[in-house]
Amino acid sequence: MRSIVGLIVVITAATFYLYILSSYLPTGPRQLPPKATENEEKSDIDTNKDSGEFKEHRLKFPSDLVELRELAELLQFYKTEHTGYVLLLFCSAYLYKQSFAIPGSSFLNILAGALFGPWQGLVLACVLTTVGSTMCYLLSQAFGKRYITNLFPGQVSMLQRKVEENQSCLFFFLLFLRFFPMTPNWFLNMSAPIVNIPVTFFFFSVFIGLIPYNFICVQTGSMLSEVSSLDDLFSWGKVLQLLCIACVALLPGTLIRHYSQTHLKLDGLEENNGVNKKTQ
1 MRSIVGLIVV ITAATFYLYI LSSYLPTGPR QLPPKATENE EKSDIDTNKD
51 SGEFKEHRLK FPSDLVELRE LAELLQFYKT EHTGYVLLLF CSAYLYKQSF
101 AIPGSSFLNI LAGALFGPWQ GLVLACVLTT VGSTMCYLLS QAFGKRYITN
151 LFPGQVSMLQ RKVEENQSCL FFFLLFLRFF PMTPNWFLNM SAPIVNIPVT
201 FFFFSVFIGL IPYNFICVQT GSMLSEVSSL DDLFSWGKVL QLLCIACVAL
251 LPGTLIRHYS QTHLKLDGLE ENNGVNKKTQ
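Counting from 1, position 95 in the sequence shown corresponds to residue 95 in the UniProt record's numbering; the numbering is continuous, with no gaps.
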C-alpha cells in the first residue's frame, strides 16, 4: 500500500509541475478561426484584433502528424524568443512520458528533429531517452516490483530466465532487445530491476541500443520541417536521403543480429510480445 501511495505522490507532483510549466506561457502567436478564408483574413485582420476573435494556440501532446506539425510551428515561434523555455518544456515533457512509460516518444523524437535540427535533436533525444528510461527503472525498483510481477508473471519469468542464460554476454543481450524489441521497451524499462539487470548495463544499453530508432525519428522530423508539400517530400533528393538514413540505422542492428546467432540464447523470448496484446 505504501508503494502505491508513493507512486501516486510522484505522478501527481510531476503532473502538477508539467501543468504549471505549460500553463504560464510567454506571449505567443494568435491565429484566425479555422473557417476564415484568405480574403477574410486580409480584410478583417484589423477589426478581429480588437474584437478578440483570434484564438490562442494551446500546448498538448500530439496524437498525429497534423497536431505534431502545428505544435512544431508554435514552438518554433517560442524558440526564437524564449529558447530556454522551449528547451525546458521539451525536456520536461519527454522525461514525463519516458518515466511513466506513456506511449508517444516517437512523436517527441520527430519534434526534436523539427525544433533542434538533425544532430542537436539526435543528441537531445538520446540523452532524454536514456535518462527517462532510467527514471522509469528507478521508479519500478522503488514502487512497482510486486505489481509488475503480478500483472505480467509469465513475461517476467521468461525475461528472468533469459537474463540468467545470457549472463556471460548480458550487455549484448540488452542491446539486442533494444535493436529488435521482442520485449516492448516500456516493459523492459519497468521489469529490468525485477530481473536483476544492473543499472549501469541498463543505462548504456538504452543509450546505444536506441540510437538507430532515435536517428530515424529525428531525421524524419528534420526533413518534415523543411518540406511544404508532398512533391518536396518525394523528390529524388529526399528519397535518397531517406535511403541513406535507413542504411545507417540498419547497420548496427545487422551486426548485433549476426553476433546473437552464435552467442545469445533467445529461444522463447518472442513470447514476451504477449505484453503488447495485454495493453491494447
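Glycine is no exception: its CB is placed at the ideal position from the N, C-alpha and C atoms. This structure is a prediction, so every number in the text was calculated from the model and none was measured.
CA-to-CA distance, residue j to residue i, given in whole angstroms
| i | j | result |
| --- | --- | --- |
| F152 | Q160 | 12 Å |
| A192 | C217 | 25 Å |
| A13 | R178 | 30 Å |
| M223 | G113 | 8 Å |
| A142 | E165 | 26 Å |
| Q219 | S3 | 40 Å |
| D135 | E81 | In the sequence as displayed, the identity of residue 135 is Met instead of Asp. Near 31 Å, if we compare the C-alpha coordinates of E81 and M135. |
| P33 | E67 | Reliability fails at P33, whose pLDDT of 42 lies under 50, so the model's placement of it is uncertain and the value that follows must be treated cautiously. The alpha-carbon atoms of P33 and E67 are separated by roughly 16 Å. |
| L139 | W186 | 13 Å |
| residue 309 | P103 | Lying before the first or after the last residue shown, residue 309 is absent from the chain, which here runs from 1 to 280. |
| L87 | L75 | 10 Å |
| Y213 | L122 | 10 Å |
| I20 | E70 | 21 Å |
| L188 | Y147 | 15 Å |
| G144 | M190 | 8 Å |
| Q155 | G132 | 23 Å |
| N109 | V199 | 24 Å |
| G209 | F180 | 9 Å |
| L174 | T183 | 10 Å |
| F77 | L115 | 10 Å |
| F107 | G221 | 9 Å |
| M158 | Y137 | 18 Å |
| F215 | F172 | 20 Å |
| Q120 | E73 | 18 Å |
| residue 282 | A125 | Residue 282 lies beyond the stretch modelled for the chain, which goes from 1 to 280, so this question has no answer here. |
Helix, strand or coil at residue i [DSSP, three-state]
| i | result |
| --- | --- |
| P198 | coil |
| T130 | helix |
| Y24 | coil |
| T183 | coil |
| N166 | coil |
| P153 | helix |
| residue 306 | Because residue 306 is not part of the residues shown, which for the chain are 1 to 280, the question remains open. |
| A101 | coil |
| A192 | coil |
| L233 | With a pLDDT of only 46 at L233, under the threshold of 50, the placement of this residue in the model should not be trusted, and no figure is reported. |
CA nearest to the CA of residue i, picked from the options
| i | options | result |
| --- | --- | --- |
| L93 | A13, F179, L18 and N214 | The identity of residue 93 in the sequence shown is Ala, whereas the question assumes Leu. Checking every option, the nearest Cα to that of A93 belongs to L18. |
| S170 | S157, F215, F201 and G113 | What sits at residue 170 in the sequence shown is Leu, not Ser. For L170, the nearest C-alpha among the options comes from F201. |
| L128 | R146, S105, Y147 and G144 | S105 |
| Y85 | Y24, I194 and Y137 | Y24 |
| residue 322 | E73, N189, E70 and F100 | For residue 322 there is no data in the structure shown, the boundaries of the chain being 1 and 280. |
| V168 | L89, F90, I197 and S157 | For the record, residue 168 in the displayed sequence is Ser; it is not Val. Nearest option by C-alpha distance: I197. |
| V195 | A72, V163 and A125 | V163 |
| I11 | K79, C91, S22 and L95 | L95 |
| T130 | F116, F107 and I211 | I211 |
| S22 | V5, V9, F90 and L7 | F90 |
Span of the alpha helix (DSSP H) around residue i
| i | result |
| --- | --- |
| N109 | S105 to F116 |
| T220 | I211 to L224 |
Cutoff 7 Å: residue i Cβ touching any chain C Cβ
| i | result |
| --- | --- |
| L21 | Of the chains in the structure shown, none is chain C; there is only one protein chain. |
At least three beta-carbon pairs within less than 8 Å, the segment 203 to 212 to the segment 143 to 152: no
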